[in-house]
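Take the position in the sequence shown, starting the count at 1, then add 63; the result is the number in the working numbering.
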Amino acid sequence: MGVRSCTVGEDGKEVYGDTYEYRSYTQMGAETDEITKVLSTLGVSKGDRVALFAMNKP
């Protein structure tokens, strides 16, 4: 499974990165499980709509 970065420019348009970071389904599943746990502590439950934004900085 490939994960590609996406940023939003000042003009509001999405700009996608030119590289993918490949992860196994097991890795993606573990990360998804962790995100689910964190969201549940914030009161988000199954069926709720959420948007996730991530900022990667070196």
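A virtual CB, placed ideally from N, CA and C, is assigned to each residue, including glycine. What you are looking at is a predicted structure, and each value in this text was computed from that prediction instead of being measured.
Using only the alpha-carbon positions, how far apart do residue i and residue j sit?
i, j, result
"residue 102", "residue 108", "8 Å"
"residue 93", "residue 113", "19 Å"
"residue 98", "residue 75", "26 Å"
"residue 111", "residue 105", "12 Å"
"residue 79", "residue 115", "16 Å"
"residue 90", "residue 71", "26 Å"
"residue 88", "residue 100", "18 Å"
"residue 86", "residue 96", "15 Å"
What residue does the alpha helix (DSSP H) around residue i start on, and which one ends it?
i, result
"residue 94", "88-104"
DSSP beta-bridge partners for residue i?
i, result
"residue 71", "77"
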